[in-house]
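If you count by numbering that gives the first Met the number 0, then the sequence shown holds residues 0 to 162, one letter each, in order. Glycine included, every Cβ here is placed at the ideal spot set by N, Cα and C. Note sheet for the following structure.
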Amino acid sequence: MAQQKPVICQHCREKFVRVEGNFEKTSKGFYHIDCYKQIQKNKDDTEVLFDFLREVWGDNFINYPLIRKQIKDLTTRNNMTVQGITGTLVYLTNVKKMRLIPKMGIAIVPYHYVNARNYFEEKERLKSTIIPDIVSKTVEVEIKPQQTNKMKNLIDLDSLLEE
Ligand SMILES: [Zn+2]
């Protein structure tokens, strides 16, 4: 059987040989299956990010091209995840009570990314520590950001901790 010609993954630009189940083909070309899944996940995560900004700013104030470019820079050059970026925005808005400035897009994120991650990690740690119910309730109230219920659904805390 003739070997297939290698193709170039449209996401990571690596050359690879297709075998059954290791690739995905779209109108743009071929992708490693994992790269393709990552793109889909980023798309979903980006929607969550924009949902949050729409909630904070309103749709009219969102500079979509700017923010998409910022997301791309942060995820490719600064090694951040889209979920981590959203987590940072949630942290600044709900925990730090900062007012984000629409014309800056998400330029502030790199300055607080690590703090936000530490915050969510600590929150997660408190949650998993076995402490008497009444204490845990007190802690919960103290650190509870506004809109927690809604954001809890939007942000998957576990995946913020993966990096
Ligand atoms: Zn790839």
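Under DSSP, V6 shares a beta bridge with F15. Around ligand 1, the residues whose beta-carbon falls short of 5 Å from at least one of its heavy atoms are C8, H10, C11, H31 and C34, given in chain order.
When E46, T87 and V55 are compared, the shortest CA-CA separation from A106 is found for T87.
When Cβ pairs closer than 8 Å are counted between the two stretches, the stretch 35–44 is seen to touch the stretch 5–24, the count reaching three or more. Here Y90 is buried. Its C-beta has 16 or more other C-beta atoms within 10 Å. With 16 or more neighbouring CB atoms inside 10 Å of its own CB, F51 falls in the buried class. Around the beta carbon of C8, 16 or more other beta carbons sit within 10 angstroms, so the residue counts as buried. Around the beta carbon of Y63, fewer than 16 other beta carbons lie within 10 angstroms, which makes this residue exposed.
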